[in-house]
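Trainee: For the protein sequence lines, the chains are F and R, in the order given. Mapping the first sequence onto the working numbering, position 302 (from 1) lands on 302, and the numbers just tick up by one. To convert, take the position in the second sequence, counting from 1, and add 446; that gives the working numbering. Note that CB positions come from ideal geometry on N, CA and C, so glycine has one too. Model, not experiment: these values are computed from the prediction.
Number of protein chains: 2
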Amino acid sequence: MSNLPSPSLVSFHAATDEFRTGKDTPREFLERSIARLQVLEPKLSAFAALSLPRARIAADAATARWRDGRPLSRIDGMPVGIKDVIETFDMPTGMGSPTHDGNQPRRDAATVFALREAGAAVVGKTKTTEFAGAYATDTRNPHDHERTSGGSSAGSASAVGAGILPVALGTQVIGSVLRPAGYCGAFGYKPTFGAINRGGSHDFQSHSCIGLIGASLEDIWHTSYDMVQRCGGDPGQPGLFGSEELAGPLKPTRLIKLETPGWALATDEARQQLESKLSVLSAAGVQIISRDNDPDLDAFEKSITDILQFGFDIIGYESRWPLKSVAYRDRQGLSPSALDQIVKADALGLDGYRELMKRRVELRVAFERLATKADAFVTLDATGAAPKRITYTGNPSFNVGASVLGAPALTLPLFSDENMPLGLQIIGAQHADAKLFAVANWLIEN
Amino acid sequence: MSNLPSPSLVSFHAATDEFRTGKDTPREFLERSIARLQVLEPKLSAFAALSLPRARIAADAATARWRDGRPLSRIDGMPVGIKDVIETFDMPTGMGSPTHDGNQPRRDAATVFALREAGAAVVGKTKTTEFAGAYATDTRNPHDHERTSGGSSAGSASAVGAGILPVALGTQVIGSVLRPAGYCGAFGYKPTFGAINRGGSHDFQSHSCIGLIGASLEDIWHTSYDMVQRCGGDPGQPGLFGSEELAGPLKPTRLIKLETPGWALATDEARQQLESKLSVLSAAGVQIISRDNDPDLDAFEKSITDILQFGFDIIGYESRWPLKSVAYRDRQGLSPSALDQIVKADALGLDGYRELMKRRVELRVAFERLATKADAFVTLDATGAAPKRITYTGNPSFNVGASVLGAPALTLPLFSDENMPLGLQIIGAQHADAKLFAVANWLIEN
Numbered sequence: 001m002s003n004l005p006s007p008s009l010v011s012f013h014a015a016t017d018e019f020r021t022g023k024d025t026p027r028e029f030l031e032r033s034i035a036r037l038q039v040l041e042p043k044l045s046a047f048a049a050l051s052l053p054r055a056r057i058a059a060d061a062a063t064a065r066w067r068d069g070r071p072l073s074r075i076d077g078m079p080v081g082i083k084d085v086i087e088t089f090d091m092p093t094g095m096g097s098p099t100h101d102g103n104q105p106r107r108d109a110a111t112v113f114a115l116r117e118a119g120a121a122v123v124g125k126t127k128t129t130e131f132a133g134a135y136a137t138d139t140r141n142p143h144d145h146e147r148t149s150g151g152s153s154a155g156s157a158s159a160v161g162a163g164i165l166p167v168a169l170g171t172q173v174i175g176s177v178l179r180p181a182g183y184c185g186a187f188g189y190k191p192t193f194g195a196i197n198r199g200g201s202h203d204f205q206s207h208s209c210i211g212l213i214g215a216s217l218e219d220i221w222h223t224s225y226d227m228v229q230r231c232g233g234d235p236g237q238p239g240l241f242g243s244e245e246l247a248g249p250l251k252p253t254r255l256i257k258l259e260t261p262g263w264a265l266a267t268d269e270a271r272q273q274l275e276s277k278l279s280v281l282s283a284a285g286v287q288i289i290s291r292d293n294d295p296d297l298d299a300f301e302k303s304i305t306d307i308l309q310f311g312f313d314i315i316g317y318e319s320r321w322p323l324k325s326v327a328y329r330d331r332q333g334l335s336p337s338a339l340d341q342i343v344k345a346d347a348l349g350l351d352g353y354r355e356l357m358k359r360r361v362e363l364r365v366a367f368e369r370l371a372t373k374a375d376a377f378v379t380l381d382a383t384g385a386a387p388k389r390i391t392y393t394g395n396p397s398f399n400v401g402a403s404v405l406g407a408p409a410l411t412l413p414l415f416s417d418e419n420m421p422l423g424l425q426i427i428g429a430q431h432a433d434a435k436l437f438a439v440a441n442w443l444i445e446n
Numbered sequence: 447m448s449n450l451p452s453p454s455l456v457s458f459h460a461a462t463d464e465f466r467t468g469k470d471t472p473r474e475f476l477e478r479s480i481a482r483l484q485v486l487e488p489k490l491s492a493f494a495a496l497s498l499p500r501a502r503i504a505a506d507a508a509t510a511r512w513r514d515g516r517p518l519s520r521i522d523g524m525p526v527g528i529k530d531v532i533e534t535f536d537m538p539t540g541m542g543s544p545t546h547d548g549n550q551p552r553r554d555a556a557t558v559f560a561l562r563e564a565g566a567a568v569v570g571k572t573k574t575t576e577f578a579g580a581y582a583t584d585t586r587n588p589h590d591h592e593r594t595s596g597g598s599s600a601g602s603a604s605a606v607g608a609g610i611l612p613v614a615l616g617t618q619v620i621g622s623v624l625r626p627a628g629y630c631g632a633f634g635y636k637p638t639f640g641a642i643n644r645g646g647s648h649d650f651q652s653h654s655c656i657g658l659i660g661a662s663l664e665d666i667w668h669t670s671y672d673m674v675q676r677c678g679g680d681p682g683q684p685g686l687f688g689s690e691e692l693a694g695p696l697k698p699t700r701l702i703k704l705e706t707p708g709w710a711l712a713t714d715e716a717r718q719q720l721e722s723k724l725s726v727l728s729a730a731g732v733q734i735i736s737r738d739n740d741p742d743l744d745a746f747e748k749s750i751t752d753i754l755q756f757g758f759d760i761i762g763y764e765s766r767w768p769l770k771s772v773a774y775r776d777r778q779g780l781s782p783s784a785l786d787q788i789v790k791a792d793a794l795g796l797d798g799y800r801e802l803m804k805r806r807v808e809l810r811v812a813f814e815r816l817a818t819k820a821d822a823f824v825t826l827d828a829t830g831a832a833p834k835r836i837t838y839t840g841n842p843s844f845n846v847g848a849s850v851l852g853a854p855a856l857t858l859p860l861f862s863d864e865n866m867p868l869g870l871q872i873i874g875a876q877h878a879d880a881k882l883f884a885v886a887n888w889l890i891e892n
């Protein structure tokens, strides 16, 4: 991780040993978070709302439980941020849109409720692009304030990357968790479709998910596991599989180098980072499967050259509602980007949508067949460093694949480009999230 | 239909010919609805909120379009009611719970939005049991004000059965559309799982649905079709299949008499009604398959003796959130019934839930295999007349099967018990909703 520029990630997991001994407490951990927030937030604009008094009450209760040796969970007292498309009963859910200013739900989303049940301290709502779509918010990258933090989970990535929070929730339907996590030098996780309950999240398209941006693999795994034990996966889905503890390092036998349409758009420096890593892995005895030596993979790469547009077509149709309903009430409140999306989606129609769903099934079958050939897929997380402007959240060509395929994916802050963070992305088979973490656990050390 | 007590159903479809000629108009149709509402509502308590000025504007616009020969749809100007667990931007969504008094969403649910796009006049929100669960509301049966209208779609059934509305939306996860529809002498429809977009409905468990209660098969089919063209099915689902027009009568070759656990609980009069109908059908040349002559069916009946508890176990687990989140904020606002449900569900846990999901897949496989043997399943819609009290919404043992199986079902107001309406229920294979309507269309005439 030598190339990682000024990584200021602050892990909650790393602090819990001292919670047990009393040398540190969740309340003190929270106060350090708040202190960083107060210094950095004026520069970053990562938060849409704060709930500090309630967070302090939660941290104090957790402090007592850790002291008594009876924490509610591994994340008892952990400060956490919630993307502002996810409902909270104590803060408005603004959706990154003036159409939802002051919108106050009467409940917590399933994940937020589960976090509270596990003892976590919900610090605030993190900024999002408009309805988690393309229209940017004003959040800035903690590694360079002139650059985007990515999107749509902009505030979550910025807050974790800046070391304000150890974990924040995001949502991803194209590349909205992994891309901003990578841009901001954080770990990012997009689970298997349905593995984490989306109830109470605006992001409810047919392959969207609740994802996590965090300071370490442990922070992300513990939070995911402890939430799902309390709120389950999506209704009808089996939920996240795996053990309570993060799986130990698993050296992969074979890895598939997946190019995706992103490869053609990536910077030379970004490509070089991945190639170098693959060389190191190869030297360590890991077999690398690439499109040059595997015709099935080559055929698959060819079949997904248009997958970004394919993903946009799906979510466009699925977003007609609620976007059109919001337009009916408050058209002026929507961005030109959202209004344009409505026009395009209306042209598709139900029959067109059914064709998209059929093609998605075929892609998933092909992907799951490929997945049996190796322990994981590896690729970049983004085409390069975060773009040097605030109004564009970056290209998601490397991220859309795992989203459309419903597959679990992680980004690891191992690379750099233009002296900015860049992620190594690994992707696994559906429901093999725990194994993916095990491989990631090995990759960050090798 | 000779036994049907005072059926006062008022079809919109039946009136549209005169909208074309100008002898009648959607605005006059609406005013007749409102006049009945004003007389009957003090007795029925079917509505939670009204939006009459906006409904009149919609009806006037539809009147002009019909006059010009350019209605937006077959339901342009149709007065419609919305169950109060489904979001509306112009009326609060109260969930039948004091915890949601004055809860004002910023959007319409997908179906409500689609209704408005099709020109329908949204008259009001119809009363629901608490969060569409077991705890009754105060709505009364239009055929006997001392009796329940059933639940949870209580107000929708009462308003349609009373002839106030031609169509009202409900939701069903156990028996919440078909049972109240049958009790109130209306037609009821529960679609194939996922066939009508649930976005913006509280009822989001893994086999719940948006359903319709209506005055005729045409009213229900037109409304369903015209909504789905505008809002699709659930994200990822292909949506309702079928043609624009209601399919003509289809004489079934074979029908399966399904007993369900309800048969053992049904009144003699109710059973007799079904047996008589089956005799008539048999005499008309329809082959009746029953558990006495089909071992597979007998095995299936034996496998579903506990399906009501099975259904409650599933929705119990899936309802921990949001019920527990509401309890966290306002425990006093929940009924003892809801609080008891939380306690039971907490005991199940994620592993227990996964076992339920496995069993549901097995049941669906067995059901779909049976479905290939006949054109439809026929059974009762309820164990007998609506119970003679307001605090109990009746036994859903006949309804839970189609819900758990994700299969389409219709109730037809063909029977009676205690001089009250009782429904004939027919159930089809997943995605064969249009064929089910065709069989129903034949059954109501034969």
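What residues in the stretch 797-829 of chain R have a beta carbon less than 8 Å from any beta carbon of chain F?
Mentor: Tyr799, Arg800 and Met803
Trainee: Counting Cβ pairs, one atom from each stretch, are 3 or more of them under 8 Å apart for the stretch 776-786 of chain R and the stretch 830-849 of chain R?
Mentor: no
Trainee: Is the beta carbon of serine 45 of chain F closer than 7 Å to that of aspartate 138 of chain F?
Mentor: Reading the first sequence from its first residue, position 138 is the one you call residue 138 of chain F. Reading the first sequence from its first residue, position 45 is the one you call residue 45 of chain F. Yes, the Cβ-Cβ distance between aspartate 138 of chain F and serine 45 of chain F is below 7 Å.
Trainee: Are there 16 or more other CB atoms within 10 angstroms of the CB of glutamate 592 of chain R, so buried, or fewer, so exposed?
Mentor: Against the second sequence, residue 592 of chain R aligns to sequence position 146. Result: exposed.
Trainee: Please determine, among F:Gly406, F:Ala168, F:Ile314 and F:Tyr135, the residue with the shortest C-alpha to C-alpha distance to leucine 356 of chain F.
Mentor: The residue given as residue 356 of chain F occupies position 356 in the first sequence. Comparing Cα-Cα distances from leucine 356 of chain F to each of F:Gly406, F:Ala168, F:Ile314 and F:Tyr135, the minimum goes to F:Ile314.
Trainee: Name, please, each residue of chain R whose Cβ falls closer than 8 Å to the Cβ of aspartate 433 of chain F.
Mentor: Mapped onto the first sequence, residue 433 of chain F falls at position 433. Here the premise fails: no neighbours, minimum Cβ distance about 14 Å.
Trainee: Tell me the DSSP secondary structure of methionine 420 of chain F in three-state form.
Mentor: Here residue 420 of chain F is taken as the residue at index 420 of the first sequence, counted from 1. Methionine 420 of chain F falls in the strand class under three-state DSSP.
Trainee: What residue range does the beta strand (DSSP E) around glycine 81 of chain F cover?
Mentor: Here residue 81 of chain F is taken as the residue at index 81 of the first sequence, counted from 1. Here the beta strand (DSSP E) through glycine 81 of chain F covers 79-83.
Trainee: Which runs of the beta strand (DSSP E) at least 3 residues long sit entirely within the stretch 690-764 of chain R? Give them in chain order.
Mentor: 700-703 and 733-735
Trainee: Checking contacts by CB at 7 Å: is cysteine 209 of chain F closer than that to chain R?
Mentor: On the first sequence, position 209 is the one that residue 209 of chain F refers to. No, no contact with chain R.
Trainee: Cβ closer than 7 Å: which chain F residues qualify as neighbours of tryptophan 767 of chain R?
Mentor: Position 321 of the second sequence, counted from the start, is the residue given in the question as residue 767 of chain R. Here the neighbours are Ala110, Phe113, Asn197, Gly199 and Cys231.
Trainee: Please report the residue range of the alpha helix (DSSP H) in which arginine 918 of chain R lies.
Mentor: Nothing about residue 918 of chain R can be read from this structure; chain R reaches only from 447 to 892.
Trainee: Should methionine 1 of chain F be labelled buried (16 or more other beta-carbon atoms within 10 Å of its own) or exposed?
Mentor: The residue you call residue 1 of chain F lines up with position 1 of the first sequence. For methionine 1 of chain F, the pLDDT reaches just 35, beneath the cut-off of 50, and the residue's location in the model is therefore unreliable, although a value from the coordinates is still provided. Exposed.
Trainee: Please list the partners that arginine 552 of chain R has in chain F, where partner means a Cβ-to-Cβ separation under 8 Å.
Mentor: Mapped onto the second sequence, residue 552 of chain R falls at position 106. Within 8 Å Cβ-Cβ: Thr99, His100, Asn103, Val326 and Arg329.
Trainee: Do arginine 320 of chain F and isoleucine 289 of chain F come within 7 Å of each other at the CB atom, strictly closer than that value?
Mentor: Position 289 of the first sequence holds residue 289 of chain F. Position 320 of the first sequence holds residue 320 of chain F. No, the pair does not count as a contact, with Cβ atoms beyond the cut-off.
Trainee: Does threonine 825 of chain R pass the burial test, meaning 16 or more other C-beta atoms within 10 Å, or should it be called exposed?
Mentor: Stepping through the second sequence from its first residue, residue 825 of chain R is reached at position 379. Threonine 825 of chain R is buried by the Cβ-count criterion.
Trainee: If you measure between the beta carbons of cysteine 655 of chain R and proline 684 of chain R, is that distance less than 7 Å?
Mentor: The sequence position of residue 655 of chain R within the second sequence is 209, counting from 1. The sequence position of residue 684 of chain R within the second sequence is 238, counting from 1. In this structure, proline 684 of chain R does not lie closer than 7 Å to cysteine 655 of chain R by Cβ.
Trainee: Taking 6 Å as the cut-off, is the CB of glutamate 269 of chain F close to at least one heavy atom of the ligand SAH?
Mentor: Within the structure as shown, the ligand SAH is missing, as the structure has no ligands at all.
Trainee: Report yes if the CB atom of glutamate 576 of chain R is closer than 7 Å to the CB atom of proline 551 of chain R, and no otherwise.
Mentor: Working through the second sequence from its first residue, we reach residue 576 of chain R at position 130. Working through the second sequence from its first residue, we reach residue 551 of chain R at position 105. No, they are not a contact pair.
Trainee: DSSP beta-bridge partners for phenylalanine 493 of chain R?
Mentor: As a first step, residue 493 of chain R is located in the second sequence; it is residue number 47 there, counting from the start. Its beta-bridge partners are R:Thr572.
Trainee: For glycine 188 of chain F, name the three-state secondary structure that DSSP assigns.
Mentor: Translated into positions along the first sequence, residue 188 of chain F becomes position 188. Residue state, collapsed to three classes: strand.
Trainee: Under a three-way DSSP split, which group does proline 92 of chain F fall into?
Mentor: Taking the first sequence and counting its residues from 1, the one referred to as residue 92 of chain F is at position 92. Here proline 92 of chain F sits in coil by DSSP.
Trainee: List, in order along the chain, the chain F residues whose C-beta lies closer than 8 Å to that of serine 598 of chain R?
Mentor: As a working mapping, residue 598 of chain R is identified with position 152 in the second sequence. Within chain F, no residue comes near serine 598 of chain R; the closest Cβ sits about 17 Å away, beyond 8 Å.
Trainee: Starting from isoleucine 521 of chain R and walking both ways along the beta strand (DSSP E), at which residues does that stretch end?
Mentor: For the purposes of this step, residue 521 of chain R is taken as residue 75 along the second sequence, with counting starting at 1. Segment: none, isoleucine 521 of chain R is in no beta strand (DSSP E) and carries neither H nor E.
Trainee: For serine 849 of chain R, which of helix, strand or coil comes out of DSSP?
Mentor: On the second sequence, position 403 is the one that residue 849 of chain R refers to. If DSSP states are grouped into helix, strand and coil, serine 849 of chain R belongs with the helices.
Trainee: Check whether the stretch 598-611 of chain R touches the stretch 868-884 of chain R, taking contact to mean three or more Cβ pairs, one atom from each stretch, closer than 8 Å.
Mentor: No, the stretch 598-611 of chain R is not in contact with the stretch 868-884 of chain R.
Trainee: Cβ closer than 7 Å: which chain R residues qualify as neighbours of serine 206 of chain F?
Mentor: Position 206 of the first sequence, counting from 1, holds the residue named residue 206 of chain F. Chain R residues near serine 206 of chain F: Pro681 and Gly682.
Trainee: Check each candidate in R:Gly798, R:Val558 and R:Ala495 and name the one with the smallest Cα separation from arginine 644 of chain R.
Mentor: Your numbering for residue 644 of chain R matches position 198 in the second sequence. The shortest C-alpha separation from arginine 644 of chain R is found at R:Val558.
Trainee: Below 8 Å, can you find three or more Cβ-Cβ pairs linking the stretch 623-638 of chain R to the stretch 854-864 of chain R?
Mentor: yes
Trainee: Mind checking if glycine 239 of chain F is an interface residue toward chain R, Cβ cutoff 7 Å exclusive?
Mentor: Position 239 of the first sequence, counted from the start, is the residue given in the question as residue 239 of chain F. Interface residue, yes.
Trainee: I'd like to know if the stretch 76-95 of chain F and the stretch 109-123 of chain F are in contact, where contact means that at least 3 CB-CB pairs between them fall below 8 Å.
Mentor: yes
Trainee: Considering glycine 601 of chain R, what are the terminal residues of the alpha helix (DSSP H) in which it resides?
Mentor: The residue you call residue 601 of chain R lines up with position 155 of the second sequence. Looking at the DSSP string, the run of the alpha helix (DSSP H) that includes glycine 601 of chain R is 600-607.
Trainee: Select from F:Pro387, F:Glu301, F:Ile213 and F:Gln272 the residue whose C-alpha is nearest the C-alpha of glutamate 259 of chain F.
Mentor: Start at 1 with the first residue of the first sequence, and residue 259 of chain F comes out as number 259. The shortest Cα separation from glutamate 259 of chain F among F:Pro387, F:Glu301, F:Ile213 and F:Gln272 belongs to F:Glu301.
Trainee: Tell me where the alpha helix (DSSP H) around glycine 220 of chain F begins and ends.
Mentor: Here residue 220 of chain F is taken as the residue at index 220 of the first sequence, counted from 1. Per the sequence presented here, residue 220 of chain F reads as isoleucine, with glycine not at that position. 217-231 is the extent of the alpha helix (DSSP H) around isoleucine 220 of chain F.
Trainee: Measure from the C-beta of phenylalanine 89 of chain F to each C-beta in chain R and report whether the shortest distance is under 7 Å.
Mentor: As a working mapping, residue 89 of chain F is identified with position 89 in the first sequence. Nearest CB-CB separation between phenylalanine 89 of chain F and chain R: below the 7 Å threshold.
Trainee: Taking only beta carbons into account, state which residues of the stretch 574-598 of chain R come closer than 9 Å to chain F, listed in chain order.
Mentor: Residues of the stretch 574-598 of chain R with a Cβ closer than 9 Å to any Cβ of chain F: none.
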